[in-house]
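Here's the structure we're looking at; comments come further down.
So this is what it looks like as structure tokens:
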């Protein structure tokens, strides 16, 4: 209670709300424009948070993150091109409604469902995160290592076609994170006598290369952009009967979104498709799905925003990011001296409560911006990539330089963009590399400490009931992933 | 007029090169190439490890332990992929392949050259002027004829430079 009141006092400052709204605006724009991603927006604007306080930074980044989820639905509904991958399920019913002249209604449903999912997610964060943090405080180094391993393995398994390739990519990310001075012994690793490598590869520099510049490399100038005309006329009003129809799918989707969000590596796409499927199964009008079902839009949009707060639970309590975007936000926390983990709630309780309550306001302001600026956002989709691409690159270069005021870092960024480009061509996923980079220090520290404690005996990783639970979860999840891939392969062969 | 004629000629040349490359593709064994690349990487890094990580501790767990374990995992998994692909090739079963369009790769290489040029120009020209040059070249790469696009790019370069320098207090080159 003391933390909550302290958090509210910290949150209610005008600058937090201004940064929150700037973030929301950026998030909706980046989400709406096909070809630009939420992860790109967070990477590009992360350097802006260097001069901000922890709450301002987090409000700004959460604004981008949450609004990106809604922004993706705008282009999915209007031009049949999802701005973000998780808006694909929304597109299935949003676009048919748009073709029937009901674009405004589809966008209203998407906005209200996104807000509903986001608010439920914020409440789940507020209630569950402190409990998980208490549980995490009882964990020792072997348990912590297994949590990191669990997160990495799940992400490696679900982010590409091949589990083995995902693990290789994750190990590559972990390996890159070991470059520089070893924090435990102080000796240097793979610096090749280069003074610029003493502190290793900065996360932001790697991210700009892996996710921003590599996207630019992939931009084919022949790619054509769809154009949006004026949004069809009509008030877009949702009737009471329609609200009743959407209530159950939306409630179920919010629960599914929260549960999926808590599991590291799963993400909004999985939540939206899963919820869409559940909504179709329970619907009295399953024939409408794919032809403009309002329940389909409500379920998909509720679920993909219900994930947002839930992904923060493992991040804030254990330092394990739920998805790629949240992994980047971890950087913003650490810049402000807040190391995610069980002690975060004990040492910075008020700041944590300010962030968690702030997420509620992020969703409310998203609703206001979406309600009044929809026509503007729809027009943003028409901005040509020829204008946007040079601006993105200039932002990337300035952002990479700002980390250490070094042009070497810009060169590093370019190298990472080429690595990401080549790996993508070879079907290797890049998200596990990001997770490896983010979790590198935490994983290595807990791994080495555990082995030092046990004199090199690996049995320590199965020494406690919590360890056994995590090992069982790890093996079970791996089994499910392998079975899923095997079924996919068999389907492909058939 | 002179400028327009030269731009038209350049455009025609680009069209001719594009037409030549259009439709030309290359099929590569993605898993095979990927596995070989990671095998080479892990072997190289394992070979360099003694010279790059000096061990000062006496115990078994030292600064080499974790990177060595990671490289060994990469090596073993890459070898597994390699073996799987070789067996598939020997049994004449379909392998994992990707089709690479040459024109797309030429575009990517061109953008990469523009990145490198931008980096090289940063020190002699300074951030704002090199950004303007890059922005103009990048817009030209998209074969844009609309002058307003070039002006937007130039204005954006100046604005971003000013934003980082005066608002975020970053001392840009």
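Chains as they are written, first to last, in my numbering: chain A, 271 to 764; chain B, 487 to 659. Even glycine gets a Cβ: it sits at the ideal position worked out from N, Cα and C.
Taking the alpha helix (DSSP H) that residue i belongs to, which residues open and close that run?
| i | result |
| --- | --- |
| residue 624(A) | 619 to 650 |
| residue 587(A) | 564 to 588 |
| residue 512(A) | 510 to 532 |
| residue 718(A) | 701 to 723 |
| residue 272(A) | 272 to 281 |
| residue 286(A) | 284 to 302 |
| residue 671(A) | 655 to 674 |
| residue 620(B) | 613 to 627 |
| residue 538(A) | 538 to 552 |
| residue 603(A) | 594 to 605 |
| residue 689(A) | 677 to 695 |
| residue 308(A) | 308 to 315 |
| residue 475(A) | 473 to 477 |
| residue 321(A) | It is not in any alpha helix (DSSP H) - residue 321(A) carries neither H nor E in the DSSP assignment. |
| residue 644(B) | 633 to 648 |
| residue 487(A) | 484 to 487 |
Since residue i contacts residue j with CB under 8 Å, what's their CB separation in whole angstroms?
| i | j | result |
| --- | --- | --- |
| residue 476(A) | residue 707(A) | 6 Å |
| residue 623(A) | residue 274(A) | 5 Å |
| residue 658(B) | residue 647(B) | 6 Å |
| residue 567(A) | residue 379(A) | 5 Å |
| residue 632(A) | residue 294(A) | 7 Å |
| residue 702(A) | residue 439(A) | 4 Å |
| residue 700(A) | residue 693(A) | 6 Å |
| residue 481(A) | residue 309(A) | 5 Å |
| residue 602(A) | residue 419(A) | About 25 Å; that fails the 8 Å criterion. |
| residue 425(A) | residue 628(A) | So it is not a contact: roughly 26 Å between Cβ atoms. |
| residue 721(A) | residue 547(B) | 5 Å |
| residue 588(B) | residue 511(B) | 7 Å |
| residue 626(A) | residue 395(A) | 5 Å |
| residue 573(A) | residue 541(A) | 4 Å |
| residue 531(A) | residue 592(A) | 6 Å |
Would you tell me roughly how many angstroms separate the C-alpha atoms of residue i and residue j, rounded to the nearest one?
| i | j | result |
| --- | --- | --- |
| residue 643(B) | residue 483(A) | 17 Å |
| residue 279(A) | residue 339(A) | 29 Å |
| residue 450(A) | residue 435(A) | 26 Å |
| residue 780(A) | residue 313(A) | Any question about residue 780(A) goes unanswered here, given that chain A covers just 271 to 764. |
| residue 533(A) | residue 529(B) | 34 Å |
| residue 635(B) | residue 659(A) | 11 Å |
| residue 506(B) | residue 697(A) | 27 Å |
| residue 735(A) | residue 552(B) | 25 Å |
| residue 504(B) | residue 593(B) | 10 Å |
| residue 684(A) | residue 549(A) | 44 Å |
| residue 288(A) | residue 543(B) | 52 Å |
| residue 726(A) | residue 462(A) | 29 Å |
| residue 398(A) | residue 459(A) | 40 Å |
| residue 444(A) | residue 673(A) | 21 Å |
| residue 536(B) | residue 611(B) | 42 Å |
| residue 596(A) | residue 577(B) | 45 Å |
| residue 522(A) | residue 545(A) | 7 Å |
| residue 356(A) | residue 637(B) | 35 Å |
| residue 517(A) | residue 369(A) | 25 Å |
| residue 360(A) | residue 551(A) | 16 Å |
| residue 818(A) | residue 543(A) | Since the first and last residues shown for chain A are 271 and 764, residue 818(A) lies out of range. |
| residue 622(B) | residue 581(B) | 43 Å |
| residue 306(A) | residue 347(A) | 17 Å |
| residue 336(A) | residue 401(A) | 24 Å |
| residue 492(A) | residue 570(B) | Because residue 492(A) carries a pLDDT of 49, less than 50, the predicted location of this residue cannot be relied on, and the following value inherits that uncertainty. Approximately 37 Å, taken between the alpha carbons. |
| residue 752(A) | residue 422(A) | 15 Å |
| residue 676(A) | residue 743(A) | 43 Å |
| residue 584(A) | residue 612(A) | 10 Å |
| residue 731(A) | residue 272(A) | 37 Å |
| residue 650(A) | residue 642(A) | 14 Å |
Just reading off the beta strand (DSSP E) that residue i is part of, what are its end residues?
| i | result |
| --- | --- |
| residue 511(B) | 511 to 514 |
Per DSSP, residue i forms a beta bridge with which residues?
| i | result |
| --- | --- |
| residue 459(A) | 450(A) |
| residue 584(B) | 514(B) |
Consider the C-beta atom of residue i and the heavy atoms of the ligand NAP; say whether any pair is separated by less than 6 Å.
| i | result |
| --- | --- |
| residue 366(A) | Of the ligands one can find in the structure shown there are none, so the ligand NAP has no counterpart to examine. |
Hey, which unbroken runs of the alpha helix (DSSP H) at 4 residues or more fall wholly within the stretch 331 to 398 of chain A? 358 to 369
Contiguous beta strand (DSSP E) assignments of at least 3 residues, all confined to the stretch 510 to 583 of chain B: 511 to 514
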